[in-house]
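Asks:
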Amino acid sequence: MRVYITIDFEDKIEDYFDKITTNIKAHCTSGSFTRKNNFHMTIRFIGEADDLQITKIKEILDKSVLELSPFELLIANLGIFKRKKTNILWIGVEQNSVLSKLHKEITNLLIEAKIPFYDKLFMPHITLGRRVMFNEDSEDLNSLIQFEKFSIPVKAITLMASKEENGKFNGVPIYKVNLKNTTTCK
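Position 3 (the sequence shown) corresponds to 3 in UniProt numbering; numbering is contiguous.
(1) Could you tell me which residues DSSP pairs with Ile-115 in its beta bridges?
(2) Is the segment 140 to 147 in contact with the segment 56 to 63, if contact means three or more CB pairs nearer than 8 Å?
(3) Which stretch, first to last residue, makes up the beta strand (DSSP E) that contains Asp-62?
(4) Taking the alpha helix (DSSP H) that Asn-23 belongs to, which residues open and close that run?
(5) So, using beta-carbon positions, are Lys-155 and Ile-75 closer together than 8 Å?
(6) Would you kindly report the start and end of the unbroken beta strand (DSSP E) that includes Leu-73?
(7) What is the C-beta distance between Leu-68 and Leu-179, in whole angstroms, given that I count them as a contact (C-beta under 8 Å)?
(8) To the nearest angstrom, report how far apart Ile-91 and Asp-8 are at their CA atoms.
(9) Given 8 Å as the limit, is there contact between the segment 24 to 42 and the segment 107 to 118, that is, 3 or more CB pairs closer than that?
(10) If you run the structure through DSSP and keep just helix, strand and coil, what is Lys-168?
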């Protein structure tokens, strides 16, 4: 099972990202845009994991939030990861020491548990679309696409599994840890 650790969002936040994405689509000739129920911020992508590793990851999530209270992320700006044949459109968040500490803690615990993961530079963002091609000059996205900066409440972290349904991949929560030491399972 392909798994990853995320911050998922309340419905009103997903609604707002969906509104931004709808606005962006008006400036594009093509692209595959994130569906409303799939908006999330990946803290650490793990990849394939067996049942034993998933059990350990759940324990890691429990341990990583022992002293962590709910916090907020502030939306910052739009950006594009340019790839060979595709552009990934994202919205970023301002530097956040709590998020950085959480990422580092999870990473260290995964290393300690000998659970392999994709080790890429952590750049907190929410993917809005893939293979996005703009019909206008997209050098200054933040002028082209207007959006209101807002805070995102972070009350939990989630272990997600990537599941294919009707030819599309969806993130399905398999374990959620609420901040302030309250755990719920799905």
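The beta carbon of each residue, even a glycine, is placed where N, CA and C say it ideally should be. Here the structure is a predicted model, which means the values were calculated and not measured.
Replies: Let me spell this out:
(1) Per DSSP, none; premise fails for Ile-115.
(2) no
(3) Here Asp-62 belongs to no beta strand (DSSP E); instead the alpha helix (DSSP H) covers 51 to 64.
(4) 11 to 25
(5) no
(6) 71 to 82
(7) Contact flag correct, Cβ pair sits at about 5 Å.
(8) 14 Å
(9) no
(10) strand
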